[in-house]
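Right, one structure below, let's go through it.
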């Protein structure tokens, strides 16, 4: 297929995506329903078979600088993947990629955009295979792995392509400049404008959302003409290896060197991220992970533009509600979903010590807490349903944290280990809810299914604590429940001052920890949890520069 | 005048500016002709009178944190301005501005844009007054001070407004999100998106182009809702004090606190830039000046987004020409204009040691150099014309540098002091041209009217040296003369790899050191001379963030 026809083939998708990124109405390019009608009768079975075919084997990628193999992923559902990936020599990989990246850098905007859209389309067609790969690295339940690891991640990738495309398309390739000179002939010049990618882009993935958190940076850097090295978390390599393979397939088919996109898998014992990040040729870094390493990158990789998503402490404020049951149900699901292993899951729930007003009259602090605990408990009372919501705990550190914090005398709801049929060794745990004693106890992030109910003097006090918490510790989400427009306005003021998105009175099928591509920004870039938002112009516009030439005509 | 009507009043200008920033054709919002027909019969006289009225007086600005006066500007035309400005206490100024900045931050996009366009319009109407202020601080000749300090600077300010406006206008204030749920009712949400300015913006001006180099950052930060503190160079306060006063006038008339824009004048003995730059409330910094301080800002003001334009070493490569006379004339003017005190003036002119081909046949290296020296000498042979082109030398450091380098045995053309009628003590010097001996002699920036002719092995050698020079020492301009399309292509390749704009075969009324707003980018942001370009999306999109709220409808 010729290069420009990939652009034509996906033009409608691109145009619709541009339109909705401006209207911010509902739209998704890639269906989130894991339905045989959409993805094919055998899609599930074929996807599982494709996943299983990787196990116990070498995942071959013919890329420069390979010096052996690496890989020891463990499924949180209790088995070793035994997949190995090329182990790379960093300096060899980087110097070879630097050598070969110019063809891609010089490809036209339409060619690069067409190829990125084709890659996304192919990834979409393999959403079931990806779902199994995401499930057995992150521990997400299958349906979530399908949606968040598949179509939702693909939508976020497309979103980045759209912003970058629009920004680059703003600059004409050629312009005629004609300056009047009164009665004399005008001065006429022809000017050429060339998009210059920054160089090599590094994408550092995380263990819980290997695709969702990596696709925006990967596609933003790729469509702007940079070569991309993908460095997955040692615990979540497979989903990104499949992604890299699809990128390489399309590049190769379209006549480009596939090494424009490479994989730099590593291990916990021999991490590569620092070496990669400090290479002078690496000019862009996208990182999702710990605050410590994110801050290190921002402070040390000064040769690169660094985009980080780090830890945060998300809060919910309960002031009052006219739908107590809906609120409790919504929060119970929010806390349970993927066992709180989302960067957007609330940790601290502020409730006035004097209680709240509801449609059923006043409820005391203890009554609200009891309802919440019961809500979480009931939601996860059936083991099968619990497994489908909770998924498994990705890391041992999170498991240990649940055990440690579960020993205290402030436990409101204990965490229960849930058995899963067919996966004896799966590490599945229901949420642990604690009662906060003092601010120091709940101000740091406790990643995983651990949350605090925090008694506050009143809602003003709750909001004031939240504002300081977001400013000092960062946050990716913030929710409030109130029947008072005045209180909601105050919450919005707090959200604006602290720089965090806010959700009001979520009682139905939308959760504070979920954002919708094209409509909701993920992160704001103005609190310590992240220095960028997914996606906006700021996220893409520094990934390339423009060089011009001019001459008289 | 009501706030929204300022937007309507200037809407046509805004729309035209958006259009040409995309087509990059010729356009200027503010006429560069210092003509009485455009600016009024008495504009020149009134402008001079307005300038003279400032001399020997206190320039009053009623702003927070004033603790005395400061100011000791000297006109390079040989007299003291004796204007004093408020001296500020940095922490007091910053804490008060931080307190009051919210009204401006919350103003609508239309209101802020309308006000910025009105400010630019008022500055334009005072272009003659500004021309005298720029002339007697920078040393620019009157006509240049009028054009570069007036309409051209205003165009660059407008350009920044346009990019920021377009980027912000991309985000709707309100969106309706309606997600289908099969046979059930759709989920419907209303979402609000709020532009959140970063905080306080600091604009650090330079001594040679106080308005031109400050307006992009000033207006980009202001229109995106930030409060702006303008810190002029101690040698070039008046043009920015007038600018700040106009900003404050319009803000006040429109019901805003004028302290949204303040002046932080300082002196060489008690500089304020570091204290201002490190204040936690300062989130944006625009700087034009030395590489040393620019790098310091980039490394130390980590709480802020830092945009720098630093020193560079600009190059011209002569390969061949079919218009030798035009080339020499163009280069002679380029080197003479404002005595080379432009960040875009070429310093190193590479000529093959074996000479070049011209329309008159072969010319040896020495013949080319002699023609260039004669061209510069003749252009400046008439004292009156010389003064009108050269202007005066702004700083003693530059004067000393001319004297020092003029002592060597490699002088090709000596610098001559030019007497100016009416200004006995004006420091006017013709360009000094030196012959380069080895690379170490010409690789550092020698600011002012000092240039090197550099013998190279051949044009390939010239281009290779230029590429390394731009990569290592930075550049804001690059020119080449060649009759060979192949050589021009090679030069464009070098320009792209090194990240610098290139001009081909300039022989007429366009000079390599001049860029046209809306069409030419100033700087690329991808070589050491500057980390940003004037103006593009990257220059504006990080000056604000977006916070959203969402609720069910």
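Protein chains in written order, with the working numbering: chain A, 1 to 553; chain B, 1001 to 1553.
Ideal Cβ positions, reconstructed from N, Cα and C, are used throughout, including at glycine.
Original post:
CB-CB under 7 angstroms to residue 1537 of chain B, same chain, minus the five flanking residues each way: which ones, in chain order?
Top reply: As a position in the second chain, residue 1537 of chain B is number 537, starting the count at 1. Cβ neighbours of residue 1537 of chain B beyond the five flanking positions: 1163, 1167.
**OP:** Would you grab the beta carbon distance between residue 1024 of chain B and residue 175 of chain A for me? Rounded to a whole angstrom, and I think it's under 8 angstroms.
**Re:** Taking the first residue of the second chain as 1, we reach residue 1024 of chain B at position 24. Taking the first residue of the first chain as 1, we reach residue 175 of chain A at position 175. Indeed they touch by this definition, with Cβ atoms about 4 angstroms apart.
Original post:
Using a C-beta cutoff of 8 angstroms, does residue 26 of chain A count as contacting chain B?
Top reply: Translated into positions along the first chain, residue 26 of chain A becomes position 26. With 8 angstroms as the cut-off, residue 26 of chain A counts as an interface residue toward chain B.
Original post:
What's the call for residue 363 of chain A, buried or exposed, on a 16-neighbour Cβ count within 10 Å?
Top reply: Position 363 of the first chain holds residue 363 of chain A. Residue environment analysis places residue 363 of chain A among the buried positions, since at least 16 neighbouring C-beta atoms fall within 10 angstroms of its C-beta.
Subject >> N- and C-terminal bounds of the alpha helix (DSSP H) containing residue 1303 of chain B >> reply: By 1-based counting over the second chain, the position of residue 1303 of chain B is 303. In this chain, residue 1303 of chain B is not harboured by any alpha helix (DSSP H), its DSSP state being neither H nor E.
Original post:
Helix or strand or just coil, what does DSSP make of residue 1222 of chain B?
Top reply: Here residue 1222 of chain B is taken as the residue at index 222 of the second chain, counted from 1. Helix, per DSSP.
Original post:
Which residues share a DSSP beta bridge with residue 315 of chain A?
Top reply: For the purposes of this step, residue 315 of chain A is taken as the residue at position 315 of the first chain. According to DSSP, residue 315 of chain A bridges with A/348, A/478.
**OP:** Quick one: grab the DSSP three-state call for residue 1428 of chain B.
**Re:** By one-based count along the second chain, residue 1428 of chain B stands at place 428. Coil at residue 1428 of chain B, not helix or strand.
**OP:** Please report how far the alpha carbon of residue 1077 of chain B lies from the alpha carbon of residue 1398 of chain B, in whole angstroms.
**Re:** For the purposes of this step, residue 1077 of chain B is identified with residue 77 of the second chain, where counting begins at 1. For the purposes of this step, residue 1398 of chain B is identified with residue 398 of the second chain, where counting begins at 1. Those two C-alpha atoms are separated by around 15 angstroms.
Original post:
Taking Cβ positions only, does residue 942 of chain B come closer than 8 angstroms to chain A?
Top reply: Only positions 1001 to 1553 of chain B appear in the structure, and residue 942 of chain B is not among them; the question remains open.
Subject >> Classification of residue 67 of chain A by the beta-carbon crowding that lies within 10 angstroms, buried from 16 upward >> reply: Position 67 of the first chain, counted from the first residue, corresponds to residue 67 of chain A. So residue 67 of chain A counts as exposed.
**OP:** Step through the CB atoms of chain A and report whether any lies within less than 8 angstroms of the CB of residue 1521 of chain B.
**Re:** Within the second chain, numbered from 1, the residue matching residue 1521 of chain B stands at position 521. Taking 8 angstroms as the CB threshold, residue 1521 of chain B lines the interface with chain A.
Original post:
What does a CB cutoff of less than 6 angstroms around residue 462 of chain A pick up in its chain, not counting 5 residues either side in sequence?
Top reply: Counted from its first residue, the first chain places residue 462 of chain A at position 462. The answer, listed in chain order, is 317, 350, 456.
Original post:
So, residue 1390 of chain B versus residue 1428 of chain B, is the Cβ gap smaller than 8 angstroms?
Top reply: To locate residue 1390 of chain B, count along the second chain from 1; it is residue 390. To locate residue 1428 of chain B, count along the second chain from 1; it is residue 428. Yes, the pair counts as a contact, with Cβ atoms nearer than the cut-off.
**OP:** Establish whether the CB of residue 524 of chain A and some CB of chain B are separated by less than 8 angstroms.
**Re:** Start at 1 with the first residue of the first chain, and residue 524 of chain A comes out as number 524. Yes, residue 524 of chain A lies at the interface with chain B (some Cβ there is under 8 angstroms from its Cβ).
**OP:** Just grab the DSSP bridge partners of residue 1190 of chain B for me.
**Re:** Sequence index remark: in the second chain, residue 1190 of chain B carries index 190 (1-based). Bridge partners of residue 1190 of chain B: B/1176, B/1551.
Subject >> In DSSP terms, what residue 1257 of chain B is bridged to >> reply: Here residue 1257 of chain B is taken as the residue at index 257 of the second chain, counted from 1. Under DSSP, residue 1257 of chain B takes part in no beta bridge, so it has no partner.
Subject >> Residues bridged to residue 287 of chain A [DSSP beta-bridge criterion] >> reply: Looking up residue 287 of chain A in the first chain gives position 287. DSSP, once it has assigned bridges, lists A/204, A/308 as partnering residue 287 of chain A.
Original post:
Between residue 179 of chain A and the rest of its own chain, which residues show a CB-CB distance below 7 angstroms, the 5 nearest in sequence each way excluded?
Top reply: As a first step, residue 179 of chain A must be located in the first chain, where it is residue number 179. Contacts found: 186, 187.
Subject >> Separation of residue 236 of chain A from residue 288 of chain A, as counted between CA atoms >> reply: The residue you call residue 288 of chain A lines up with position 288 of the first chain. The residue you call residue 236 of chain A lines up with position 236 of the first chain. Distance between the alpha carbons of residue 288 of chain A and residue 236 of chain A is about 13 angstroms.
Subject >> Partners in chain B for residue 275 of chain A, counting only beta-carbon separations shorter than 8 angstroms >> reply: Along the first chain, read from residue 1 onward, the residue named residue 275 of chain A stands at position 275. Under the 8 angstroms cutoff, chain B gives no residues; its nearest Cβ is about 22 angstroms from residue 275 of chain A.
Original post:
Are there 16 or more other CB atoms within 10 angstroms of the CB of residue 409 of chain A, so buried, or fewer, so exposed?
Top reply: Numbered from 1 along the first chain, position 409 holds the residue referred to as residue 409 of chain A. Under this definition residue 409 of chain A is an exposed residue.
Original post:
Could you check where the beta strand (DSSP E) with residue 1473 of chain B kicks off and where it finishes?
Top reply: Sequence index remark: in the second chain, residue 1473 of chain B carries index 473 (1-based). Per DSSP, residue 1473 of chain B belongs to no beta strand (DSSP E); it is in the alpha helix (DSSP H), 1459 to 1473.
Original post:
Can you list, in chain order, the residues of the segment 1538 to 1553 of chain B whose Cβ is nearer than 7 angstroms to any Cβ on chain A?
Top reply: Going along the segment 1538 to 1553 of chain B in chain order, one finds 1538, 1541, 1542, 1545, 1546, 1547, 1548, 1549, 1550, 1551, 1552 with a Cβ nearer than 7 angstroms to chain A.
**OP:** Check the Cβ-Cβ distances between residue 47 of chain A and every residue of chain B, and say whether any is below 8 angstroms.
**Re:** By one-based count along the first chain, residue 47 of chain A stands at place 47. Chain B, which has no Cβ nearer than 8 angstroms to the Cβ of residue 47 of chain A, makes this no.
**OP:** Check whether the segment 1479 to 1498 of chain B touches the segment 1302 to 1312 of chain B, counting contact only when three or more Cβ pairs, one atom from each stretch, lie closer than 8 angstroms.
**Re:** The segment 1479 to 1498 of chain B vs the segment 1302 to 1312 of chain B: no contact.
Original post:
Is it a yes or a no for the segment 266 to 278 of chain A touching the segment 137 to 151 of chain A, going by three-plus beta-carbon pairs under 8 angstroms?
Top reply: No: the two stretches stay apart, fewer than three of their Cβ pairs being nearer than 8 angstroms.
**OP:** Spatial neighbours of residue 1172 of chain B within its chain, please: CB distance less than 8 angstroms, with the 5 preceding and 5 following residues excluded, ordered by chain position.
**Re:** Numbered from 1 along the second chain, position 172 holds the residue referred to as residue 1172 of chain B. 1193.
Original post:
In whole angstroms, what separates the C-alpha of residue 1034 of chain B from that of residue 1468 of chain B?
Top reply: Looking up residue 1034 of chain B in the second chain gives position 34. Looking up residue 1468 of chain B in the second chain gives position 468. Distance between the alpha carbons of residue 1034 of chain B and residue 1468 of chain B: 41 angstroms.
**OP:** State the start and end residues of the unbroken beta strand (DSSP E) segment that holds residue 1337 of chain B.
**Re:** By one-based count along the second chain, residue 1337 of chain B stands at place 337. No beta strand (DSSP E) holds residue 1337 of chain B; DSSP gives it neither H nor E.
**OP:** Output the distance between the C-alpha atoms of residue 1255 of chain B and residue 1101 of chain B, rounded to the nearest integer angstrom.
**Re:** In the second chain, the residue the question calls residue 1255 of chain B occupies position 255. In the second chain, the residue the question calls residue 1101 of chain B occupies position 101. Rounded to whole angstroms, residue 1255 of chain B to residue 1101 of chain B spans 13 angstroms at the Cα level.
Subject >> Segment contact flag, the segment 323 to 337 of chain A with the segment 1337 to 1347 of chain B, C-beta cutoff 8 angstroms, min 3 pairs >> reply: Between the segment 323 to 337 of chain A and the segment 1337 to 1347 of chain B there are fewer than three C-beta pairs closer than 8 angstroms, too few to call the two in contact.
Original post:
Going along the segment 501 to 513 of chain A in order, which residues come within less than 9 angstroms of chain B, judged by CB to CB distance?
Top reply: Flagged, chain order: 501, 502, 503, 504, 505, 506, 507, 508, 509, 510.
Original post:
When we look at the beta-carbon of residue 550 of chain A and count the other beta-carbons within 10 Å, is it buried (16 or more) or exposed?
Top reply: Counted from its first residue, the first chain places residue 550 of chain A at position 550. So residue 550 of chain A counts as buried.
Original post:
residue 1181 of chain B: buried (16+ other C-beta within 10 angstroms of its C-beta) or exposed?
Top reply: Residue mapping note: residue 1181 of chain B aligns to position 181 of the second chain, counting from 1. An exposed status is given to residue 1181 of chain B, since fewer than 16 other beta-carbon atoms sit within 10 Å of its beta-carbon.
Original post:
Hey, quick one: how far does the beta strand (DSSP E) through residue 1362 of chain B stretch, first residue to last?
Top reply: As a first step, residue 1362 of chain B must be located in the second chain, where it is residue number 362. Residues 1361 to 1363.
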